[in-house]
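Take a look at the structure below.
Spelled out as structure tokens, the structure:
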């Protein structure tokens with residue numbers, strides 16, 4: 352009868368614990384429970400041969416029956432009484448601790464259950480099978496409560512304690528390695544996590560996919576991309592239609608510098624509409640780097656139209672640049688000039704970045720009047736004031752000023768061009784003399800722009816002499 356009761360209890364608890372999610376908690380218990388153990392129990396020595404009288408057996412069975420009738424407090428009180436009456440009997444005490452820990456685990460009183468299991472294991476007075484089950488339950492409860500380091504230690508102790516001649520079922524051993532791998536991943540012990548998962552896979556654990564996921568995440572954390580490639584391909588072979596695995600395969604290919612393969616994978620995902628916004632941008636960048644700007648432009652344009660990708664300044668600039676690289680400068684100009692960053696211009700970094708790119712393209716197409724017109728519109732009719740040359744360095748505005756100066760020159764507005772170039776030159780000279788803190792890159796930019804300005808001012812000075 353006693354054997355049947357504990358077998359039944361373990362089978363009930365198995366429903367609760369044996370999964371990657373571990374101990375599905377369900378609806379939280381609202382009641383608080385306690386369990387008191389006499390101090391004398393702490394001094395008991397292991398003894399597997401102590402006998403249990405029939406009265407104690409009936410009491411233990413009654414405690415479990417009370418729990419099944421949802422009389423949990425009564426059941427725990429009964430088990431406390433069993434321990435109090437048998438505090439010099441390590442076997443009777445161990446069986447009571449066994450029942451109490453299982454009841455408390457099912458009541459989601461995990462910390463209490465852990466304490467009782469640790470005491471039971473220290474008594475070491477149950478048969479080997481029961482001890483093993485409690486070792487496993489301890490590890491599972493420690494995982495459930497976030498004590499992953501302790502769980503790893505408990506599982507390693509459990510695995511190493513098994514003798515070669517013991518008949519352990521491969522399924523059981525593989526579950527131990529599975530939980531060990533999970534715990535090691537949580538403690539960032541990635542190398543051992545990978546190896547533990549490998550042991551579980553060798554033992555034909557049924558949760559192959561979850562184990563490969565643990566291996567993959569460990570290798571990615573270690574930045575071992577060649578090995579990651581092998582694991583992601585195993586996952587794809589298990590679930591060939593799972594888009595997340597193909598997306599990860601592409602990311603690994605990018606990390607390995609295999610851009611052509613990554614490009615092929617991304618194009619396949621694009622056909623199934625499985626690309627995220629970030630991946631669309633990655634794909635367009637790969638296509639640009641592989642000399643496929645037209646394809647990059649088409650994909651970006653579709654993503655912006657479908658609102659898969661947000662119409663940020665960076666994305667609009669990228670789209671315009673793709674069309675430019677594809678030889679469609681007019682389309683690039685249309686995209687920039689019709690964007691809200693120009694039509695609803697505000698003097699911000701994003702708007703300036705778009706305006707700078709638009710000005711450069713207009714100059715490239717020799718559309719001088721269009722450059723002058725667009726800057727006239729965004730500046731409210733006073734570009735010298737808008738450029739605010741008396742203020743600190745603004746690279747974008749200075750570069751826009753250069754494009755405007757070129758446009759004024761080629762529109763035969765030589766005096767206006769000379770005035771603007773002179774103002775820009777004076778502005779940069781003052782900045783060089785000031786003690787304003789600037790990034791080294793800004794200082795380099797100023798020197799480069801100064802050389803361009805010097806060429807223009809010298810050229811205009813020579814023209815005016817003649």
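In the numbering used here, the protein residues as written are 352 to 817.
No residue lacks a Cβ here, since even glycine has one placed at the ideal position from N, Cα and C.
Between the CA atoms of residue j and residue i - distance to the nearest angstrom
i	j	result
residue 679	residue 643	13 Å
residue 423	residue 448	15 Å
residue 698	residue 736	13 Å
residue 664	residue 505	54 Å
residue 433	residue 440	10 Å
residue 537	residue 544	9 Å
residue 820	residue 461	Given that the chain is displayed from residue 352 to residue 817, the structure contains no residue 820 and the question cannot be resolved.
residue 435	residue 451	14 Å
residue 661	residue 686	15 Å
residue 755	residue 701	19 Å
residue 458	residue 421	10 Å
residue 584	residue 650	27 Å
residue 801	residue 704	21 Å
residue 726	residue 734	7 Å
residue 408	residue 556	37 Å
residue 546	residue 511	15 Å
residue 391	residue 463	19 Å
residue 404	residue 383	32 Å
residue 402	residue 589	52 Å
residue 482	residue 591	42 Å
residue 558	residue 577	24 Å
Own chain partners of residue i with C-beta closer than 7 Å, once the 5 adjacent residues on each side are dropped
i	result
residue 541	569, 572 and 573
residue 637	610, 613, 614 and 617
Of the residues the options, the one placed nearest residue i, counting alpha carbons only
i	options	result
residue 470	426, 757, 606 and 442	442
residue 575	607, 645 and 396	607
residue 496	465, 473, 507 and 483	465
residue 610	641, 384 and 417	641
residue 762	720, 385 and 725	720
residue 807	780, 400, 778 and 772	772
residue 524	560, 492, 487 and 494	487
residue 728	781, 693 and 428	693
residue 767	753, 778 and 779	753
residue 453	438, 419, 479 and 478	419
residue 437	426, 411 and 519	411
CB contact flag (residue i, residue j, <7 Å)
i	j	result
residue 414	residue 430	yes
residue 648	residue 674	yes
residue 528	residue 502	no
residue 476	residue 387	no
residue 474	residue 395	yes
residue 751	residue 691	no
residue 722	residue 712	no
residue 582	residue 567	yes
residue 601	residue 616	yes
residue 603	residue 579	yes
residue 708	residue 682	no
residue 748	residue 759	no
residue 485	residue 472	yes
8 Å CB neighbourhood of residue i in its chain, flanking five on each side removed
i	result
residue 805	776
residue 393	470
residue 554	521, 522, 524, 525 and 528
Chain-order list of residues whose beta-carbon lies under 6 Å from that of residue i (same chain, five-residue window excluded)
i	result
residue 769	811
residue 499	534, 537 and 538
residue 586	563 and 596
residue 684	712
residue 493	501 and 502
Chain B within 7 Å of residue i, Cβ atoms only
i	result
residue 421	Absent from the structure is chain B; it holds one protein chain and no more.
Open item on the list: Suppose only complete runs of 4+ residues qualify. What are the alpha helix (DSSP H) ranges in the segment 731-762, listed by chain order?
Closed with: DSSP runs (the alpha helix (DSSP H)) wholly in the segment 731-762: 734-738 and 746-761.
**Request:** Return the chain-ordered ranges of every alpha helix (DSSP H) run that is complete within the segment 539-595 and spans a minimum of 4 residues.
**Result:** As far as the segment 539-595 is concerned, its whole alpha helix (DSSP H) runs of at least 4 residues are 541-553, 559-572 and 576-589.
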